[in-house]
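Q:
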Amino acid sequence: AEVDMNVVMASARSFVEVQGTGEHGTFDRNQLNLLLDLAVAGIRDLDAIQQTALDA
Numbered sequence: 551a552e553v554d555m556n557v558v559m560a561s562a563r564s565f566v567e568v569q570g571t572g573e574h575g576t577f578d579r580n581q582l583n584l585l586l587d588l589a590v591a592g593i594r595d596l597d598a599i600q601q602t603a604l605d606a
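Quick note on the numbering used here: the sequence shown kicks off at 551 and runs consecutively.
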């Protein structure tokens with residue numbers, strides 16, 4: 551299923567917003583967990599890049 555998903559996290563690694571919609575069908579809990587894992591990893595990478603830029 552194609553999913554439109556928004557994930558926003560605070561710097562304390564807690565979720566501020568999680569919003570997901572199955573665009574052309576449904577998605578199951580395992581797919582949701584995978585999407586959240588990918589989002590958290592991406593947000594951590596972006597946070598590290600931003601912190602490096604701020605420290606420069």
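Just so you know, even glycine gets a beta-carbon here, dropped at the ideal spot from N, CA and C.
Bear in mind the structure is a predicted one, so any value in this text is a computation, not a measurement.
Do you know how far the Cα of V566 is from the Cα of V558?
A: Roughly 5 Å between the two C-alpha positions.
Q: Please work out which residues of its chain come closer than 8 Å, Cβ to Cβ, to G570, disregarding the five sequence neighbours upstream and downstream, and give them in chain order.
A: So the qualifying residues of the chain are V553, D554, M555, N556, F577, L582, L585.
Q: Could you give the C-beta distance for D597 and S561, rounded to a whole number, given that I count them as a contact under 8 Å?
A: So it is a contact: roughly 7 Å between Cβ atoms.
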